[in-house]
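Written below as structure tokens is the structure these notes are about.
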Amino acid sequence: MRHLVAPAVVVVAGLIGVANAAALTVQEAILRVTPAVVRVISDVRGKVTLNCGTGPLTIEPTPFLETGTGWFIDGRGYLITNAHVVDPAYRVPPWVTHELKKNAIDEACVYPALKARGIARGTQPDVEESIRREASMRAFPTVTVTPSARVIVMYGGVPLVAQVRKFSAPASFDAAGHPTRDFGRDLALLQVKDGVYPALPLTPRDVNVGDPVYILGFPAVVARNELLNPNVSASTTMGLVSAFQKDAIGQDMLQTDASAAHGNSGGPGITKDGSVVGVLTAVTLSEGSGGAIVQGFNLLIPAKDVNTFIAGTPLDPGRSRFNDAWNAGVSALFAERYATAAARIREADLLSPNVTVVRKLLMEAEDKVKNPPPRPFPWAWATFGVTLLSGAAFGAMWGRRWWKGRFRILPAQVIGLIEKGGNPVMVDARSPAEFDTSPLTLPRAVRLAPDDAAAGRIQLQLDPTQTIVTYCTSPEEATSEQVARILRKRGYRNVRILKHGLGGWTNARLPVEAKLHMPSIGVELYKNLSLSDVERRRFAAQQVIFRRGDDARGEAFLVHAGTVEIRRRMNGSARVLRKLGEGELFGEMALFRGAPRSADAVATTDAELLVITADRLDWLILNRTPLTKEMLRQLANFVAEADSEGLER
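Numbering of the sequence shown is given in our numbering, commencing with residue 19 and proceeding in unit increments.
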């Protein structure tokens, strides 16, 4: 392992949902690829001749073993791994023979000397190290090594000797820290004896940051037990593609936060469909010698570079007779078709025997054939049935909504008609009560009450093809719909209904005008309020709204109907400071000052007030310039009046 530092529509939708449900689960994808992931071992042995001071002798010291992970890319016996995993056996670099020499000196010189002194290994490290230095100084000048190297692939519990068919050297640097001339892609193509093997395909699509990635391999494996432990399967870690990086010579790398460790080198990083997105090549170590692995910055060679590496070879990535049987068996097992699963997995086991995960899954499938689990309630079909019924109900509801809304038109569409020269006639179809209590109307709107329309009292002198838009403030545009229906019966062919009525128009910040005389501040407030979500409070005549000294509770008020007086006791007698009518604002001063009320407010007639919260008032002041100007003008007038009378609000 290299180290780095640092209705019909509803039915179609339902069918699409069923198709998506057939996509691989993560567990199924991992099971499909696991048989193709193997351990790769560089096994370098040698005959070492040396002199420990008693004459020349030749021994075969403990072999040098480098372990990593590989994976079959073609079912005819071709594998991919990292070049640095097989490099010790492929090129037998000097540092490998040096390790053999050190092992030989320990086994031929150091350990016998310790035994002669009655010292167990590791009990007196200072003495042991002194003996090792003395033996090394004596033996190293004349030691010779005749190495014997091979690459081994552990598959199905059997060691298979592999040949290196293509090699792109691992990263390497000179003494100055610069990349060397043979700095390569760190990939090796291996081939084992003829047979039927699994195979993994390379992903055909581009990889994006945030894509899931699952790394399979054999981390932290004790090399000495490699040939004695044939039942180990590849382990899996998961994470995301977290960034795109470059190596020292500008080659692409994928960064992932999926965990990895020594032994994972050369292992595949797969995505949810079981295809390979990259080959693990490096983990990150902390600073210093013997640094611990720092997860979150592990690097993969992209699949596209593997494609480039194998160009010109006879490989067909993902091609395998084993895959056909194995994948069908896994899918059948997940679909609870146990007899089919057992038959197909057994077929895969016959094609490529003794693979641990295959044997395990075969036993599971055969056990479920003999002892089938209780069949659960068919939730999928029940859900599908409920979905169809819900879809039918939704379709009916949608059809009803479409039928009801086929004549409706949005405020923005009305403006579009005006801009195109359509000049629609706006008809105010509000009931008398709604009309009388509202201060606003649309510019140049024609008044037609529902009762007048029903009685035939229609004074419209318009061409039958003229576009007419009715509006109201009743729920679901009920009165507009009633008037529009009558007009269509009278021969007007292009009658539309303003969707969301007058409230929708004002919420869209489209122009309105005061129906009656009203202060400018009231007009601006009504333009910028949605009356449907503003609290209304009603007060009887002579009822106190608030008293001097009361907490403002973050509320100001707009007179929607009726009259209000602002009173205060001055020199022992009550005095009326202001008389307020429809469209006038009061109570805002306490909010601005952050203080209690400075006077009493009393309804002089039955009154209806709109509650303007402090947050809403702040937003209006910051975002509605005309309203802000009106409030400043009103405040200036009041201050001037108070100064002239020597009063304070």
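Every residue, glycine too, gets a C-beta built ideally from N, C-alpha and C.
Annotation: the segment 370–398 contains the following complete segments of the alpha helix (DSSP H) (minimum length 4 residues), in chain order: 374–388.
In the structure shown, the three-state DSSP call for His116 is helix. In this structure, Gln269 sits near Arg203, with a CB-CB distance shorter than 8 Å. The segment 183–199 makes no contact with the segment 217–232, as fewer than three CB pairs between them are under 8 Å. The beta carbon of Pro81 lies closer than 7 Å to those of Asp61, Val62 and Arg63 in the same chain, with the five residues before and after it left out. Sequence-distant Cβ neighbours of Thr497 in its own chain, meaning closer than 7 Å and more than five residues away, are Ala447, Arg448, Ser449, Pro468 and Cys490.
Excluding its 5 nearest sequence neighbours in each direction, Thr162 has C-beta neighbours in its own chain below 6 Å: Thr67, listed in chain order.
With 16 or more neighbouring CB atoms inside 10 Å of its own CB, Met649 falls in the buried class. Between Ile427 and Arg514 the beta-carbon gap is near 4 Å, inside 8 Å, which marks them as a contact. In this model, Gln181 and Ile170 are separated by some 9 Å (Cα to Cα).
Counting only residues of its own chain and dropping the five nearest sequence neighbours on each side, Ala471 has a CB closer than 8 Å to the CB of Ala447, Gln500, Val501, Ile504 and Leu505. Of all alpha-carbon atoms in Arg634, Thr160, Arg109 and Leu83, the one lying nearest the alpha-carbon of Pro74 is that of Thr160. Lys264 and Met271 have their alpha carbons spaced roughly 5 Å apart. As computed with DSSP, Val145 is found in no beta bridge at all. The Cβ neighbour count for Asn341, taken over all protein chains shown within 10 Å, is at least 16; the residue is labelled buried. Separation of Arg109 and Thr164 (C-alpha to C-alpha, rounded to the nearest whole angstrom) is 14 Å. Taking Ala632 as the centre and dropping the five residues before and after it, the same chain places the C-beta of Gly572 and Leu609 closer than 6 Å to its C-beta, in chain order.
The DSSP-derived three-state label of Val110 is coil.
In this structure Ala266 does not touch Ala187 by the C-beta definition: roughly 13 Å separates them, more than the 8 Å allowed. For Glu84, the three-state secondary structure derived from DSSP is strand. Rounded to whole angstroms, the separation of the alpha carbons of Asn345 and Phe191 is 43 Å. In the assembly as shown, Glu602 is a buried residue. Its beta-carbon has 16 or more other beta-carbons within 10 Å.
Within the model, the alpha-carbon separation for Ile149 versus Ala131 is close to 8 Å. In the assembly as shown, Ala398 is an exposed residue. Its beta-carbon has fewer than 16 other beta-carbons within 10 Å. Residue environment: Trp637 is assigned as exposed (fewer than 16 neighbouring CB atoms within 10 Å of its CB, all protein chains considered).
Under DSSP, Ser60 takes part in a beta bridge, and its partners are Glu84 and Val169. Straight-line spacing of the CA atoms in Gly403 and Phe412 works out to 14 Å. Pro112 and Arg151 have their alpha carbons spaced roughly 20 Å apart.
Of the other Cβ atoms in all chains shown, 16 or more fall within 10 Å of the Cβ of Ala126; this residue is therefore buried. Counting along the chain, Asp636 sits inside no beta strand (DSSP E); it lies in the alpha helix (DSSP H) bounded by residues Ala632 to Asn641. Counting along the chain, Gly235 sits inside the beta strand (DSSP E) bounded by residues Pro230 to Gly235.
Taking the Cα of His102 as reference, the smallest distance to any Cα among Ala261, Leu298, Ser154 and Leu178 is reached at Leu298. Inter-segment contact for the segment 590–597 and the segment 519–530 is absent: fewer than three beta-carbon pairs are separated by less than 8 Å. Ranked by how close their Cα comes to the Cα of Asp481, the residues Leu466, Ala473 and Pro442 have Pro442 in first place. Taking C-beta atoms as the reference points, Lys211 and Leu258 fail to come closer than 8 Å. Here Val530 is not near Val487, since their CB atoms are 8 Å or more apart.
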